[in-house]
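Visitor: Here it is, the structure in full.
Numbering (my numbering), first residue to last: 348 to 671.
Written out as structure tokens, the structure is:
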């Protein structure tokens with residue numbers, strides 16, 4: 348009887364294994380070829396540092412080439428849509444930025460996607476925006492800038508290479524009650540060139556975009572836009588500290604994929620990013636560029652993108668900006 352039972356159990360196990368074979372089999376190998384990392388802005392801007400350092404780390408850990416594909420245009424929408432419409436197979440990724448994913452949907456009528464249309468993978472970094480100026484500008488502090496702007500309404504201009512920087516600038520203008528014009532650019536690189544050349548007096552930018560120019564003395568920093576001081580520029584006061592309590596505008600980078608990308612691929616990439624953030628080489632390169640490493644679970648990043656979308660929508664409304 349026992350022998351018969353064992354035979355039946357053995358047969359059942361074999362039948363069960365056969366039935367579950369395809370489902371229980373190991374997930375398909377990933378990756379088996381190169382991975383495209385879409386960056387929705389031109390080369391030479393702040394996104395270059397983050398994307399290329401991250402691509403290098405992922406190439407090393409995944410054993411396959413991760414290459415950066417810059418696709419600028421329409422405030423980051425062209426590159427974002429390019430990635431969104433790609434096959435959800437893990438071979439097209441997008442460097443998500445608060446501007447393109449959380450802000451543009453509320454700022455531009457032609458943007459139809461929403462944060463929930465992406466497969467979240469992980470947060471990569473967070474950083475404030477900086478209000479910087481050509482050293483020739485008379486104002487040496489935020490209060491002096493406000494005074495100069497009020498004395499010469501409409502005369503000063505600030506450059507931006509992304510919609511989030513624009514929104515941070517417009518929020519400051521609204522909060523301070525000043526008339527400063529905006530000169531938009533396709534990317535931070537072009538904007539920096541014109542500020543250095545004196546064609547535009549000011550710029551609102553991510554630290555990764557302008558840290559080299561700050562360190563070399565080619566740009567001066569008037570304020571940090573986040574609620575707390577920036578660790579890499581501890582002596583620079585925040586906007587809130589300089590007379591505008593509660594002011595807070597912060598940027599971030601993350602990695603997303605087209606909706607429907609398999610869970611095991613998302614898990615693999617999330618784990619590799621978490622490991623990359625512990626790399627001394629990445630940390631050193633991020634710090635040199637002015638970026639603070641960050642990481643999260645895929646679910647946490649999905650929730651964060653949704654909350655950021657709601658927060659920036661509130662900022663758009665507060666600043667009185669009408670969607671274009």
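Ideal Cβ positions, reconstructed from N, Cα and C, are used throughout, including at glycine. Since the structure is predicted, the reported quantities are computational estimates derived from the model, not experimental observations.
Look up residue 598 in the DSSP assignment and give the residues it is bridged to.
Guide: In the DSSP output, where bridge partners are listed per residue, residue 598 has 474.
Visitor: How about residue 473 and residue 641: are their beta carbons less than 8 angstroms apart?
Guide: Cβ distance < 8 angstroms, so residue 473 and residue 641 count as in contact.
Visitor: What is the rounded straight-line gap between the Cα of residue 380 and the Cα of residue 431?
Guide: Each residue's alpha carbon lies about 20 angstroms from the other.
Visitor: Hey, how far is the Cα of residue 550 from the Cα of residue 568?
Guide: The alpha-carbon atoms of residue 550 and residue 568 are separated by roughly 10 angstroms.
Visitor: Who are the near neighbours of residue 449 in its chain, counting only those whose CB is closer than 7 angstroms to its CB and skipping five residues on each side?
Guide: Result list for residue 449: 462, 652, 655, 656, 659, in chain order.
Visitor: Report the option in 466, 510, 403, 648 whose CA atom is closest to the CA atom of residue 434.
Guide: That would be 466, whose Cα lies nearest to the Cα of residue 434.
Visitor: Any idea which residues DSSP pairs residue 528 with across the strands?
Guide: BP columns for residue 528 point to 504.
Visitor: For a minimum of 3 consecutive residues, which ranges assigned as the beta strand (DSSP E) are wholly contained in the segment 387-462?
Guide: List check, beta strand (DSSP E) in window: 413-417, 439-444.
Visitor: Nearest to residue 668 by alpha carbon, out of 628, 584, 510?
Guide: The shortest Cα separation from residue 668 among 628, 584, 510 belongs to 510.
Visitor: Write down the C-beta distance between residue 396 and residue 555 rounded to the nearest angstrom, noting that I regard them as a contact closer than 8 angstroms.
Guide: Between residue 555 and residue 396 the Cβ distance is about 5 angstroms, and since that is below 8 angstroms, they are a contact.
Visitor: Quick one: measure Cβ to Cβ for residue 387 and residue 427, integer angstroms, because I've assumed they're closer than 8 angstroms.
Guide: About 5 angstroms; that satisfies the 8 angstroms criterion.
Visitor: Does the segment 500-515 come into contact with the segment 526-533, if we say contact requires no fewer than three beta-carbon pairs (one atom in each stretch) closer than 8 angstroms?
Guide: Short answer: they touch.
Visitor: Is residue 514 closer than 8 angstroms to residue 662 when the C-beta atoms are compared?
Guide: Yes; because the gap between Cβ atoms is below 8 angstroms, this pair is in contact.
Visitor: Indicate whether residue 409 and residue 378 have their beta-carbon atoms separated by less than 8 angstroms.
Guide: It is a contact, given that the beta carbons lie within the stated cut-off.
Visitor: According to DSSP, residue 585 sits in a beta bridge with which residue or residues?
Guide: DSSP, once it has assigned bridges, lists 571 as partnering residue 585.
Visitor: By the three-class DSSP mapping on this structure, what secondary structure does residue 624 have?
Guide: DSSP places residue 624 in coil when its eight states are reduced to three.
Visitor: If you count every other CB in all the chains shown that lies within 10 Å of the CB of residue 469, and 16 or more means buried, which is it?
Guide: By the neighbour-count rule (16 or more Cβ atoms within 10 Å), residue 469 is buried.
Visitor: Taking only the alpha-carbon atoms, compute the straight-line gap between residue 619 and residue 456 and give it to the nearest angstrom.
Guide: Computed Cα separation, rounded: 36 angstroms.
Visitor: Express the C-alpha separation of residue 482 and residue 605 in angstroms, rounding to a whole number.
Guide: For residue 605 and residue 482, the distance between alpha carbons rounds to 43 angstroms.
Visitor: Go through its chain and collect everything with a Cβ distance to residue 676's Cβ below 8 angstroms, but skip five positions before and after it.
Guide: There is simply no residue 676 to check, as the chain begins at 348 and stops at 671 in what is shown.
Visitor: Specify the secondary structure class of residue 549 as computed by DSSP and reduced to three states.
Guide: In this structure, residue 549 counts as strand in the three-state DSSP scheme.
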